[in-house]
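With positions in the sequence shown counted from 1, the corresponding number in the working numbering is that position plus 96. The C-beta atom is built at its ideal place from N, Cα and C for all residues, glycine as well. For clarity, every value in this text was computed on a predicted model and none was experimentally measured. Before any comments, here is the structure.
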Amino acid sequence: MAATIKVLMVCLGNICRSPTAEGVFRAQLQQAGLAEHIHVDSAGTSDWHVGAAPDPRSIRHAAGRGYDLSSLRARQVSAQDFDDFDYILAMDRQNLRDLEARCPPAQRHKLALFLQHGGSTHDEVPDPYEYGAESFEQVLDLVEAASRGLLELLRSRHTLLRERD
Ligand code: 4NP
97 MAATIKVLMV
107 CLGNICRSPT
117 AEGVFRAQLQ
127 QAGLAEHIHV
137 DSAGTSDWHV
147 GAAPDPRSIR
157 HAAGRGYDLS
167 SLRARQVSAQ
177 DFDDFDYILA
187 MDRQNLRDLE
197 ARCPPAQRHK
207 LALFLQHGGS
217 THDEVPDPYE
227 YGAESFEQVL
237 DLVEAASRGL
247 LELLRSRHTL
257 LRERD
């Protein structure tokens with residue numbers, strides 16, 4: 097069996113976009129029978145909401161599509177994360193810049209924009225925090241598509257995952 101592949105989803109607060117990405121990607125992994133082989137977590141570049149549950153709007157909109165985010169709790173990206181994770185995926189360019197500033201050069205290859213993997217016309221997941229219901233739905237649309245793209249990428253890169261098809 098292949099070693100577990102570890103994916104970290106990162107946004108600013110770890111209460112809207114990255115917990116949504118964690119919950120959606122985990123659900124897709126479970127559906128694909130790959131949850132034991134790919135580990136997913138999320139974190140924020142800021143420490144503003146450490147220990148908090150996802151934003152109630154994120155929980156509600158995700159629940160509307162069958163994803164349960166309620167048990168997730170915010171944490172900040174740590175120095176150890178750059179060692180521990182194989183893919184560290186930023187929701188927007190500012191998140192990516194903040195990660196690049198903290199990441200040791202030897203680990204920079206792990207950093208990317210999440211939507212780079214989504215085959216999407218967008219390259220950032222817009223921050224919904226100051227906006228309305230449509231923004232939270234857009235986050236879900238973008239995250240669902242990017243999660244599918246990421247799963248395909250991991251299958252193509254990691255042979256043992258492909259053999260499980
Ligand atoms: P997130 O959204 O980065 O997707 O979790 C935000 C959450 C909180 C704040 C900004 C963005 N804030 O300003 O507290």
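Beta-carbon contacts of residue i that lie in its chain and below 7 Å, excluding the five residues immediately before and after
i       : result
Leu-147 : Note on identity: in this sequence residue 147 is Gly, with Leu being the wrong assignment. Taken in chain order, the residues that qualify are Arg-169, Ala-170.
Leu-250 : Ile-101, Ile-134, Leu-257
Tyr-163 : Gly-119, Val-120, Ala-123
Ala-158 : Thr-116, Gly-119, Leu-165, Leu-236
Asp-180 : Lys-102
Arg-161 : Leu-236
Ala-128 : Leu-247
Val-221 : Arg-113, Met-187, Asp-188, Phe-210, Leu-211, Val-235, Leu-238, Val-239
Nearest-angstrom beta carbon gap, residue j and residue i [assumed within contact, 8 Å]
i       : j       : result
Glu-240 : Val-120 : 6 Å
Asp-194 : Asp-223 : Rounded, the Cβ-Cβ distance is 13 Å, inconsistent with contact.
Asp-151 : Gln-172 : Going by Cβ atoms, the distance from Asp-151 to Gln-172 rounds to 16 Å, so no, they are not a contact pair.
Leu-211 : His-218 : 6 Å
Tyr-227 : Gly-109 : Their Cβ separation, rounded to whole angstroms, is 14 Å, which puts Tyr-227 and Gly-109 out of contact at 8 Å.
Cys-112 : Ser-154 : 5 Å
Gln-124 : Arg-253 : With 8 Å as the limit, Gln-124 and Arg-253 do not qualify as a contact, their Cβ atoms being about 16 Å apart.
Neighbourhood of residue i by C-beta, 6 Å cutoff - its chain only, sequence neighbours within 5 removed
i       : result
His-246 : The sequence shown places Leu at residue 246, not His. Around Leu-246: His-213.
Gln-203 : Phe-178
Asp-182 : Ile-101, Lys-102
Ser-231 : Pro-224
Residues that residue i bridges to, as DSSP identifies them
i       : result
Ala-241 : Per DSSP, none; premise fails for Ala-241.
Contacts around residue i, its chain only, beta-carbon distance under 8 Å, and the 5 residues preceding and following it disregarded
i       : result
Val-106 : Ser-114, Ser-138, Ala-139, Gly-140, Thr-141, Val-173, Ile-184, Leu-185, Ala-186, Met-187, Asn-191, Leu-195
His-145 : Gly-109, Asn-110, Ile-111, Ala-170
Ser-216 : Leu-238, Ala-241, Ala-242, Gly-245
Cys-199 : Phe-178, Ile-184, Lys-206, Leu-207
Ala-229 : Arg-153, His-157
Contact the region 99-119 vs the region 130-144: 3+ CB pairs below 8 Å: Touching, per the Cβ criterion.
Residue ranges of each alpha helix (DSSP H) run of no fewer than 4 residues wholly in the region 162-235, ordered along the chain? Counting only runs of 4+ residues, the alpha helix (DSSP H) found wholly inside the region 162-235 occupies 175-180, 189-198, in chain order.
With three or more C-beta pairs closer than 8 Å as the rule, is the region 228-243 touching the region 108-126? The region 108-126, when compared against the region 228-243, does touch it at the 8 Å Cβ threshold.
Every unbroken beta strand (DSSP E) inside the region 101-152 [3 residues or more]: Taken in chain order, the complete beta strand (DSSP E) segments of 3 or more residues contained in the region 101-152 are 101-107, 134-140.
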